[in-house]
Each structure stands twice: as C-alpha cells, then as structure tokens.
Amino acid sequence: MKKYLEMAQARKLLELSERATMEEIQTNYRNLIKKWHPDTCDENEKKCAEMTAKVVAAYEIIMDYCKHYKFSFSKEEVRQHLSEEEWWVERFGNDPVWQK
698 MKKYLEMAQA RKLLELSERA TMEEIQTNYR NLIKKWHPDT CDENEKKCAE
748 MTAKVVAAYE IIMDYCKHYK FSFSKEEVRQ HLSEEEWWVE RFGNDPVWQK
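Heads up: the sequence shown is residues 698 to 797, going by this note's numbering.
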C-alpha cells in the first residue's frame, strides 16, 4: 500500500490523471520543470528549488514504475485499444457499403 500512496502522490504532483500516456507524463514533467526551475521561476528561489526537486523525484517514481511494468501484447489486450475506424473495419471489413 505504501508503494501505491507514493505513486498517487507522484501522479498528483505531475498533474496526471489515473490513466496517462508516456507522452502525457513527459509533457507534464517538462511543463512543470519549466515552471519551477530556479532559472525561470518567478517565486521565491528556495520554493522554486524545492518544487523542482519534488517534480524530479515524482517523475523518477513514475518512470521507475513504467520501466518495470509488464505490458501485455496479447490479441485480446490490443483489441481493447483499437481506434473507432479499426474497430469498424475489424467487424465489417472494407465493404464499400460501409464507406462514406
């Protein structure tokens, strides 16, 4: 449970929803570093340095989790992530009747 709480705090600090793509993780991290980095931050220098350290630590926690996460490449799992067009083609094929 401690690991989950640590992850949840890191996720909130990085302003991520409960499901996020790698792109969202990296984008939020970069935006927060730009905001809090002592060279660009408009706040108190000490606060900027503390927030930068917190953002970096949160990012490392999230990335460590992602690095060790076992992804499924099974047919069933991949099917759950089809786009609307892929879903349609898989069920009905490329029959001209169904095309726009």
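Note that beta-carbon positions come from the ideal geometry of N, C-alpha and C, so glycine has one too. In this text, all values refer to a predicted model and were calculated from it rather than measured experimentally.
Would you be able to state if there are at least three C-beta pairs under 8 angstroms between the stretch 704-719 and the stretch 750-768? The stretch 750-768 and the stretch 704-719 touch, with no fewer than 3 CB-CB distances between them shorter than 8 angstroms.
Assigned exposure category for Trp-733 - 16 Cβ within 10 Å defines buried: Reading the sequence shown from its first residue, position 36 is the one you call residue 733. Looking at its Cβ environment, which holds 16 or more other Cβ atoms inside 10 Å, Trp-733 is buried.
So, with DSSP's three-state summary, where would you put Met-698? Against the sequence shown, residue 698 aligns to sequence position 1. In this structure, Met-698 counts as coil in the three-state DSSP scheme.
CB-CB length for Thr-737 against Lys-731, believed under 8 angstroms: On the sequence shown, position 40 is the one that residue 737 refers to. On the sequence shown, position 34 is the one that residue 731 refers to. 6 angstroms between Cβ atoms; contact.
Complete alpha helix (DSSP H) runs within the stretch 701-772 (minimum length 4 residues, chain order): 719-733, 742-765
Taking Cβ positions, are Cys-763 and Met-719 nearer each other than 8 angstroms? Numbered from 1 along the sequence shown, position 66 holds the residue referred to as residue 763. Numbered from 1 along the sequence shown, position 22 holds the residue referred to as residue 719. Yes, they are a contact pair.
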